[in-house]
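Under the numbering used here, read the sequence shown as residues 11 to 284, first letter to last. For every residue, glycine included, the Cβ atom is placed at its ideal position computed from N, Cα and C. Just so it is clear, the structure is predicted and the values come from calculations on it, not from any experiment. Below is one structure, written out as structure tokens; the observations come after it.
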Amino acid sequence: MDQDERLDRLLRGFCEDSLDYKNLKVEKEERRNALRALMNLRMPGPLPEKFLQLQDEFLREEAREKGIVTPEQIPSVKEQYGVFGRLAERISVWQGDITRLAADAVVNAANSGMLGCFVPCHRCIDNAIHSAAGVQLRQECFELMEKKRKLYGADYEEPTGGAEITLAYNLPANYVIHTVGPVVHGSLSRSLEQELRNCYQSCLKCASAHNIKSLAFCCISTGEFHFPNERAAEIAVKTTAAYLEEHAEIEKVIFNVYKDCDLEIYQSVIEQRI
Numbered sequence: 011m012d013q014d015e016r017l018d019r020l021l022r023g024f025c026e027d028s029l030d031y032k033n034l035k036v037e038k039e040e041r042r043n044a045l046r047a048l049m050n051l052r053m054p055g056p057l058p059e060k061f062l063q064l065q066d067e068f069l070r071e072e073a074r075e076k077g078i079v080t081p082e083q084i085p086s087v088k089e090q091y092g093v094f095g096r097l098a099e100r101i102s103v104w105q106g107d108i109t110r111l112a113a114d115a116v117v118n119a120a121n122s123g124m125l126g127c128f129v130p131c132h133r134c135i136d137n138a139i140h141s142a143a144g145v146q147l148r149q150e151c152f153e154l155m156e157k158k159r160k161l162y163g164a165d166y167e168e169p170t171g172g173a174e175i176t177l178a179y180n181l182p183a184n185y186v187i188h189t190v191g192p193v194v195h196g197s198l199s200r201s202l203e204q205e206l207r208n209c210y211q212s213c214l215k216c217a218s219a220h221n222i223k224s225l226a227f228c229c230i231s232t233g234e235f236h237f238p239n240e241r242a243a244e245i246a247v248k249t250t251a252a253y254l255e256e257h258a259e260i261e262k263v264i265f266n267v268y269k270d271c272d273l274e275i276y277q278s279v280i281e282q283r284i
């Protein structure tokens, strides 16, 4: 079965599974976006094992077509920028799609509901990671949150600054570490800066606890959460460097950026601080 056949079957299956989109008609050139949208909109719940296997085959082939990038293929900041600090061989900056990275774990900038982004084809990192991982990721997050709600009440939401780990399913990575970053409304404050530090510290501690050797960070809280990019990068690099100084078990941290401006910012910050 080729990708076109898998895509058609998946579209039919997700439409049949939906209450609102059973009769959805999709133009051929819009099929991939329609599939992603249906996955984004779908609430947690079981699906037949054969259907999940079909989804997995499709998403893994998509990952291969996009091109999987291993940590070993990414130069360190020593090689990339000529930085010679003690940590220069353990830190990298890589520009691209985080869903291509075969790190031990990638960090997801989650929301407090922890179920991924429900906005069809939204450009946030939460949407990208859940879409590439498959619907099992939302299901595992749902089960995790259900356990917490039994402990803390039905209105429980994931607090800012913590970290939770799940499997990565159809991503090239092995795990996803989810963290809820601070949302900036108006001016930046010291408390918001501390919450962002907490995000990085929690993710690093989680990585250490789960024997993760390579960890890829997205730009937590920038973009949709409006944290200023330059200050976010300074906090990310300083917090990570301080942790790595005390913890040799994490062998490589990758700062993943997508925009050219963030690449320039991270280069400047690293040249000053590493």
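Scanning its chain for C-beta atoms nearer than 6 angstroms, with the 5 sequence neighbours on each side dropped, one finds around N180 the residues D66, L69, R70, A143, G144, in chain order.
Excluding sequence positions up to five before and after E26, its CB lies within less than 7 angstroms of the CB of K32, all in the same chain and listed in chain order.
Contact between T232 and N239 holds: CB atoms are separated by about 5 angstroms, below the 8 angstroms threshold.
Inter-residue distance for C228 and T176 is about 16 angstroms (C-alpha atoms, whole angstroms). Taking C-beta atoms as the reference points, I245 and A98 fail to come closer than 8 angstroms. In the three-state reduction of the DSSP assignment, N33 falls in the coil class. Taking a contact to require three or more Cβ pairs closer than 8 angstroms, the region 158 to 176 and the region 114 to 129 qualify as touching. Straight-line measurement puts the Cα of L48 at about 33 angstroms from the Cα of L214.
Contact between the region 263 to 274 and the region 101 to 113 is present: 3 or more CB-CB pairs across the two stretches fall below 8 angstroms. Cβ atoms of P85 and A113 stay farther apart than 8 angstroms, at about 15 angstroms.
Annotation: the continuous beta strand (DSSP E) that includes F265 extends over 262 to 267.
Under the three-state reduction of DSSP output, L111 falls in the strand class. The residue from A243, L206, Q277, A183 with its alpha-carbon nearest to that of V194 is L206.
In this structure the region 187 to 201 does not touch the region 90 to 97; the number of beta carbon pairs closer than 8 angstroms is below three. Under the three-state reduction of DSSP output, A242 falls in the helix class. Its chain contains L64 as the residues whose beta carbon lies nearer than 7 angstroms to that of R19, once the 5 sequence neighbours on both sides are disregarded; these appear in chain order. With respect to the 8 angstroms criterion, I78 and P182 are classified as neighbours on the basis of their beta carbons.
Annotation for Y166: no beta strand (DSSP E) segment contains it, and DSSP assigns it neither H nor E.
Boundaries of the alpha helix (DSSP H) harbouring H140: 135 to 143, taken from the DSSP string. When C-alpha distances from E153 are compared across P54, F61, V190, N208, the shortest belongs to P54.
Contact check for K223 and K262: beta-carbon distance about 7 angstroms, within the 8 angstroms limit, so the pair qualifies. Considering only V247, C216, G196, the residue with the shortest C-alpha distance to E281 is V247.
L57 has its alpha-carbon roughly 31 angstroms from the corresponding atom of L225. E167 is a Cβ neighbour of G123, given a cutoff of 8 angstroms.
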